[in-house]
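In this note's numbering, the protein residues as written are -13 to 680.
Heads up, the beta-carbon is just placed ideally off N, CA and C, and yes, glycines get one too.
Scroll down for the structure; my scribbles are underneath it.
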Amino acid sequence: MGATMAGRARLVFGVWLVVLIALGAAAPSVFTSLAGAGWQADGSESVRVREVAEQHFGGNSSAAVQVVVHSGTETVGSPAMTQVIGEITQVFAGDDRFGPVIAPQPGTTISPDGHTGILIAGANASTDDMVRAVDDHKEALTALSDGGVEVYPTGASALWSDFNKANHDAMVKAELFSWPVTLAIMVLAFGSLVAAGLPLLLTVAGLVASAGGLVLLNQITPISVWAMNFAMMFALALGIDYALFIVARFRDALTRTADTRRAVAETMDTAGKAVVLSGITVLVSLSAVLLVPAPAVRTMAVGIMLAVVFVLAATLTLLPATLGALGKKINAGALPYAKRQQHRSPHFARWGATLHNHPWPFAVAALAVLIGLSIPVLGLKVAMPSIQVVPADAPVRQGYELVQRQLGPGAPGALQIVAPAGDAAETGRLAAATDGVAMVTPAQSSGDGSDLVMLQALPEVDPSDERMGAILDDLRERLPDQAIVGGAPAENLDLQQALDDYLPIIVGVILVLGFVLLLVALQAPLIAALGTLVSLLSTAAAFGVAKLIFQDGHGASLLGFTPQGFLDGWGPVFFFAMIFAIAMDYTVFLLATAKEHYERTEDPKAAHIDGLAHSGRVIFAAAAVMVAVFFTFALAQPLPPKEMGIILGVAVLLDALVVRLVLLPVILRLTGHGAWWSPRWLRRVLPSISFAHH
-13 MGATMAGRAR LVFGVWLVVL IALGAAAPSV FTSLAGAGWQ ADGSESVRVR
37 EVAEQHFGGN SSAAVQVVVH SGTETVGSPA MTQVIGEITQ VFAGDDRFGP
87 VIAPQPGTTI SPDGHTGILI AGANASTDDM VRAVDDHKEA LTALSDGGVE
137 VYPTGASALW SDFNKANHDA MVKAELFSWP VTLAIMVLAF GSLVAAGLPL
187 LLTVAGLVAS AGGLVLLNQI TPISVWAMNF AMMFALALGI DYALFIVARF
237 RDALTRTADT RRAVAETMDT AGKAVVLSGI TVLVSLSAVL LVPAPAVRTM
287 AVGIMLAVVF VLAATLTLLP ATLGALGKKI NAGALPYAKR QQHRSPHFAR
337 WGATLHNHPW PFAVAALAVL IGLSIPVLGL KVAMPSIQVV PADAPVRQGY
387 ELVQRQLGPG APGALQIVAP AGDAAETGRL AAATDGVAMV TPAQSSGDGS
437 DLVMLQALPE VDPSDERMGA ILDDLRERLP DQAIVGGAPA ENLDLQQALD
487 DYLPIIVGVI LVLGFVLLLV ALQAPLIAAL GTLVSLLSTA AAFGVAKLIF
537 QDGHGASLLG FTPQGFLDGW GPVFFFAMIF AIAMDYTVFL LATAKEHYER
587 TEDPKAAHID GLAHSGRVIF AAAAVMVAVF FTFALAQPLP PKEMGIILGV
637 AVLLDALVVR LVLLPVILRL TGHGAWWSPR WLRRVLPSIS FAHH
């Protein structure tokens, strides 16, 4: 395949040009067209409440837009406040995505002192369209703040609007900052400007294609805007990872042959196979996340998988074609220190020999570090993000905090109860008697003859308080069987429960599939099992560090954030898949190289030392690029990108330095021939894969 691509470079370039033009035309609209909501557990009780509210109660659901109107001098009902409320109503009137507008009501949506009122515009569209509706109108709404009257759009739709914008801006800034840092590391690793630039060009191709692909996919099913945020990061990290491995091997092949096509063929026959297996491992790990019944979580996985597919396609077609066209020009612009650089690194060869001669001290030290950092995982708490993840100057947070000051801490997170009209009195009585409920509003009839009523139960605590779960559980247990409880806090808690329920399943699926893939690739059960286990250990250590930083707050002042006392609820499921995918990526690179040398020599010492000597520099450079990319996201102001950057950055740092460059080579040393042994019956069952070039 490599020889074919190298021999038909013009055709390959032409096909990719057509693909990039076609998909690139859609790419610029990726952040405006993708979905902004989807953080829900499909099929849950809270989602049913929202659907009933939209169908029978004028859209007065968790997706409704709440507009807080406040004045220090005027009261609701005064001419100034009445005029502003009328202007807000006019903003909503021209957009059919909004349902009926409910003016502030005494005793429920007007504060006791009368200076604050909440106007509610019903949701007459999907949750994604409601977020877009807020995007379209929030500037017009906040512009109505004048003459001592303040206007703040709030509610779940407004929260996702501000939240997504803050995160998108932070991700783009981090991405732009990471490019020059990445290029500098690449130049140092390759010692050649041309060789260093190739991975970045490959990554751009993968990014443009995946962005356009997501826009087209969004026409079929809503794709979360977070999918592109993650895809950007993974395309950059993995694109560089794969290109580093291929380009380094190609430069080595050129030292043995003047025939460029032959050099490309050797490269793809060895490093190319490892890249394919690595890419499949990443895709398999992320595919397990599709089990979670939450649209935003599923489509984030889809976004990364699409980026990986395009990066993999470019690595297997565009990159060998480019290498074939460049030939020895790959070394153009070489820096003085790199002209004598060998693919077999003498530094990593000496390091491999040191590990070979003294395996036990290094094994004990590496395990002590990983186990020590993994222990805090036992105390890890997770919950859905609080209002603190939104910047303090965002209108939704200002309105949220104003409502809490005027109407009580639980006012922004009212629980909605839908019940048959015949059970209205009993439902109201039982809800009001529930511990933790501050107030229950009078039953509101549906008005469409559906024989349903809705009540609002205001909790005594902030919607993100850990006691909220107990209040919701008590309500659902005490209320009549036909009554169902929802609202924004209930949707968050139901999603968190779904994530918790699916986490063990996803971990199990990823571990089994990861082991099977390593077994197929290496045809050696012992090293496949040990490779999977050490990847699990580095993943646990990364979560241990996450607990210390984001839950306990160690280093919070240095990193510039206020700890929530927990890790964001989607983190364990999603980060586990991402970290394990990256960990297995390096495992495949190291073990594939070691197996190549074992196949040639039948000597486990040569496999161990030469495997490290030939892959160590690439793993080190790739890890440096990934850590640089991920840690730039730690500079972001919003908490989710910061969590993502630090957790993934720490994971790669631990995995590359402690696992791939210490623990796994030591395991190869201690297991000797046993690492590569396979029973005859298993060899007959598995496909024959060789990493040595013949």
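Burial state of residue i (16 or more Cβ within 10 Å)
i      : result
Ile357 : exposed
Gly555 : buried
Val38  : buried
Val638 : buried
Trp346 : exposed
Val498 : exposed
Ala662 : At residue 662 the sequence reads Trp, which differs from the Ala that was named. Label assigned to Trp662: buried.
Pro208 : buried
Pro651 : buried
Ala182 : buried
Thr340 : exposed
Val4   : exposed
Ser543 : exposed
Asp486 : exposed
Leu312 : buried
Arg235 : buried
Lys151 : buried
DSSP state of residue i mapped onto helix, strand, coil
i        : result
Ala79    : helix
Ile88    : strand
Leu577   : helix
Gly108   : strand
Ile206   : coil
Val368   : strand
Asp132   : strand
Ile675   : coil
Trp25    : coil
Arg646   : helix
His540   : coil
Met(-13) : coil
Gln384   : helix
Val278   : coil
Asn215   : helix
Asn46    : coil
Ala352   : helix
Gln509   : coil
Val190   : helix
Pro549   : coil
Leu321   : coil
7 Å CB neighbourhood of residue i in its chain, flanking five on each side removed
i      : result
Leu127 : Val53, Ile74, Val77, Val137 and Pro139
Gln537 : Leu366, Lys367, Pro549, Gly551, Phe552 and Leu553
Met214 : Val16, Phe17, Leu20, Ala197, Leu200 and Gly289
Phe560 : Val275, Val283 and Met286
Gly539 : Pro549
Ser131 : Val137
Ala510 : Ala661, Trp662, Trp663 and Ser664
Phe547 : Leu625 and Lys628
Leu9   : Val194, Ala195, Gly198 and Gly199
Phe501 : Ala514, Ala515 and Thr518
Ala410 : Ala429 and Val439
Residues bridged to residue i (per DSSP)
i      : result
Thr102 : His56
Thr140 : Gln52
Asp554 : Ala369
Ile290 : For Ile290, which the question treats as bridged, DSSP gives no partner whatsoever.
Ile96  : Gly103
Sequence-distant residues of its chain with Cβ nearer than 8 Å to residue i (five each side left out)
i      : result
Thr168 : Leu186, Leu222, Ile226, Val611, Ala614 and Val615
Pro673 : Val506
Glu412 : Pro466
Close beta carbons around residue i, own chain, < 6 Å, minus the five adjacent residues each side
i      : result
Trp212 : Met286
His600 : Arg330 and Thr579
Met116 : Ala49, Ala109 and Ser143
Arg383 : Ile373 and Val376
Ser298 : The residue you asked about is not Ser; residue 298 is Leu in the sequence shown. Cβ within range, chain order: Gly265.
Proximity test, residue i beta-carbon vs the ligand COA heavy atom, cut-off 7 Å
i      : result
Thr128 : Absent from the structure shown: the ligand COA. Ligands present: none.
At which residue ranges does the stretch 401 to 481 contain complete alpha helix (DSSP H) runs of 4 or more residues, listed in the order of the chain? 410 to 418 and 454 to 464
4-residue-minimum alpha helix (DSSP H) runs that sit fully inside the stretch 140 to 178, ordered along the chain: 142 to 176
Residue ranges of each alpha helix (DSSP H) run of no fewer than 4 residues wholly in the stretch 572 to 636, ordered along the chain? 590 to 619
Completely contained alpha helix (DSSP H) runs for the stretch -8 to 20, where each covers 4 or more residues: -5 to 10 and 16 to 19
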